[in-house]
Every structure is written in structure tokens, then in C-alpha cells.
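Report on the structure given below.
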Amino acid sequence: LTCLPPPPTHFHEGPPDDGNCTRPTANPRRRTAPPTPTRPPDEKKMMFDRSAVSILLLTAALASSGTDGFAVRPGVGGAALSTTTTARLFATIEDSSPSPAVSGKRKVTPPPEIEDVAGTFESSVYKTYGRYPLTLVSGSGCKVFSDKGEEYLDFVSGIATCALGHNNPELSKAVSEQMTKLHHVSNLYYIPQQAQLAQWLVDNSVADKAFFCNSGAEANEGAIKLARKHANNRGITDPVIITAIQSFHGRTLAAVTATGQPKYHKGFTYGGQMVPGFEYVPYNDVEALEAKVKEIEDSNADLPEGRKRGVAAIMMEALQGEGGIIPGDPAFFAAARSLCDSAGALLICDEVQVGMGRSGSLWGYENLGAEPDVFTSAKALGGGVPIGAMMARGEAAEVLEPGDHASTYGGNPLACAAGVAVARYIAENDVLTNVSDRGEQLARGLEAMAEKYPAVPG
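Dropping the structure here:
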């Protein structure tokens, strides 16, 4: 599969005759973002629905009950009201009295200059990480620099995140320029950068649709919810998702339950149990996977009337990271694909670490010969800017409906501008070939070292 650059965005120019949005002819592999509807020049209504107006009115009413002097003008609420104040709201709220300083409240102070970084971490930052005694302040390419001027070769890459290295000119330019335009807006509106990145993901994978969030854990949470609803639509009341022992899928409650490592579950159970509906098998063990699917299907006799247990999904990493850098076995993934097809379940591929070219292919599943119904991405997708995505194809791409799932920051202009820049750089600079070449170079070097020092690998 050749990695294509991100598509340009196209918009209809000029106001349509009927005042409504005119959409260009759809192309199934090159979609365009609908333009913003134009309004007659004499109509100055606020673009809020009635529920938003109600919230504004309630806020104003609550404010007017205090001593700060806010009041709501009478006669608000008609469907055809036009705005008369600079706020351009149906409900116009004005300050009817001075705002004296509020006594008894602490004055907000600006962020302080920090000289003792480690000491401030000790006193003010929650200790959820074991940190090295090293403070990094800048980077360039594959190198990072400490506050003492020390230079380090960065083998961590932000934990598989900074795919273009540090201070990449193209990524820096894209993010900087987007900040001067529009860095965040709600998903209540069309976002050109989100459309562009979604189209690139669809064009360069098996996916038909993309959902955006902020991290790999969130992307996997979305995939879990999708799988459960898909199973529910098939009449399964007790859906089960099968994952692998020694897997890692994130730190949120459902994602960490999907993670087949008891050490991450300790302290987070209810009655000794994590989120119900997850079962585990050894990675790459076809017989164990087949046996687990059969066990789930045969367990319905023990359920009360009206309940049905079934496999909702098989969720696997294309390459296990925390499990010991273990590549997926094509035979195992072929069996998983076949079992999902027979059970009506979804095959979910967690590409958060291995995806976006880390294996030499854009997606890890491309090395395995089995196409997933759903796959997730994050980390390198934004080159270090937080972004996550869940992609789905076929029937799985139609499961979630408006209101089923959401993310406030997901797919915002800034994050998606970063994602588009990373995608373009990968495509235009043949990064995947370089990944493969460097992988072979490292393998040869490590094999030579293992021969020279046989006692080291054991």
C-alpha cells in the first residue's frame, strides 16, 4: 500500500441561490467538507438552538439573584427576536451596576518562575511516574538537551510519539500557523483540518470512517464502546471482548481492564472485579483463542432467561510492546479474523504504538494479512501533539450515532493540523522506506553484538 499525502480541502464558493448549503458531487474516496450555510443579510439571529438559549437565560437569571448586578431584559424568548447588544445574543445580558472587588476571595496570581524544577515536582506534582533525575529543555532531530547543556540521543522518542523527531520544521510551521487562525472549536461545527486528516486515514487504510479523540486510551475506549453496542444490536446482553495476556491498551478503567496485566488492576477493582466483560488468552496462541470463543458461546445455559452471552470482539495489538516486543503471528490473526466472522464479532487492532509507520508499514495489520473491522491510533499520529483516532470499516463504521460517543478536544483544528503535517511528511519523504532500512541495520548490528557477546542475550 503506497502512503498517499493528505488531500486538499475543497469548499463551495459563493452563496447558493436558496440560502442553503450546496454540496458538491460526492466522491467515495475524496470527500469534501460542506460549506457554512449563508444567511440573508437582514437576519441577525444568534446561531444557537433553543436549548442553548435556555442555558443562557438560566445563567443570567442565576446571576441576577446575587449582588453583582446582572439582570435579564424583559421580553426575551421569542423565536424571531433579533439582537440589539454587542453580545449578539437572543437573551441580552447587561451589567446594570459596578463590579466592586469581592472580599474574601484569593487574588489569582500568574505562574511563578521555577528555579528548582525537581523540588517543585516533589511538592506540587502528583507522583504517578518514576522519573529520572534529568530535566530536558529542548530538542532537535533525534537529540535532546538538558538544562545543564548535556546532549542525549533520544531512543525514547516520547514513548513512540515524536515520529518526525524534535523541532521538525514542517510540523512546527503547521502548528504555529494554525495557532494564529483557530486552535479549537467545538465538534458542533465542520472543521476542515479534521476532514482532511480523516480523508487521509481512510485513503491509506481499510477504514471507511474515523473518530477523533486525544489519546490511545481514549481511542481504545471508543473501540470498546463500539464493540459493545454492535453486540447489543445483535441481541447480546452480556458482550465479551477477548484480549491478550501481557497486552497494554491504556490507563482508563475499561482500557486498563482490557490490558491483560494484573499489576495494573491492583487497587482499582470493585468487589475484586474490574470492568466485567473481558477475557484473556496468551498472545499468538490459536488453540487458546479458539477454546475461549467456544467457552463463551457455550456459557449461555447458565444465564437467566432474557440474557445472552457472546463474543463482541477480539482486540489485539499488531505487535505487543509491554509483552516483550513480540510481533503478531499471521496465523493467529487469520484465526482471529475467521472466529470473528463466524461469531459476528469485530476484530479490533490496537495500533497505538506500532501504527503510523513504526513497523515499516503504515499500519501493523498490513504485516499480518488480516484486515480489522476497527483499529486505533494515537502517539505518532500527531508527532508529539496530543491526538487519537478510532477507525472503522463496513458495518462497524455505522454503529455509533450522534450522542453515542464524543470528545470535547477530539479532532480540533490544532491537533488535526499537526496530524496532517505528519501525514504529509511521511508520504512526501518516503519515511516508511527509511524505517525498514534502519530496522534492518539495527537487526544486523544487534545480531553481530549477540555473536560477539553471547553471554549478554542469555
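FYI, the numbering for the sequence shown is 546 to 1003, going by the working numbering. All C-beta atoms in this analysis are idealised placements derived from N, C-alpha and C, irrespective of residue type, glycine included. Keep in mind the model is a prediction, meaning the values are calculated, not measured.
M861 counts as buried, since at least 16 other C-beta atoms from the protein chains shown sit within 10 angstroms of its C-beta. Collapsing the DSSP output to three states places G914 in coil. Residue pairing by DSSP places E696 opposite F690 in a beta bridge. Distance from the CA atom of I736 to the CA atom of L959, rounded to whole angstroms, is 10 Å.
Here A925 is buried. Its C-beta has 16 or more other C-beta atoms within 10 Å.
DSSP lists no bridge partner for M901. A straight-line Cα-Cα distance of about 23 Å links G710 and D895. Straight-line spacing of the CA atoms in T706 and L834 works out to 31 Å.
Between the alpha carbons of P917 and L892 lies a distance of about 5 Å. Taking C-alpha positions only, K693 is separated from G929 by approximately 24 Å. A740: not part of any beta strand (DSSP E); member of the alpha helix (DSSP H) spanning P737 to D748, first to last residue. N732 sits away from G933, with the two beta carbons spaced by 8 Å or more. Three or more beta-carbon pairs separated by less than 8 Å link the segment 779-789 to the segment 843-856, which places the two stretches in contact. Taking the C-beta atoms as reference points, F920 is found no nearer than 8 Å to G866.
DSSP places M724 within a helical segment (H, G or I) once states are collapsed to three. Counting only the Cα atoms, I786 lies some 32 Å from K672. Here DSSP, grouped into helix, strand and coil, assigns I841 to helix. Note on F823: 16 or more other CB atoms within 10 angstroms of its CB, so buried under the neighbour-count rule. Residues of the same chain with a CB within less than 7 Å of the CB of G905, apart from the 5 flanking positions on each side, are L977, V980, S981 and G984 in chain order.
With 16 or more other CB atoms across the displayed protein chains lying within 10 angstroms of its CB, N749 is buried.
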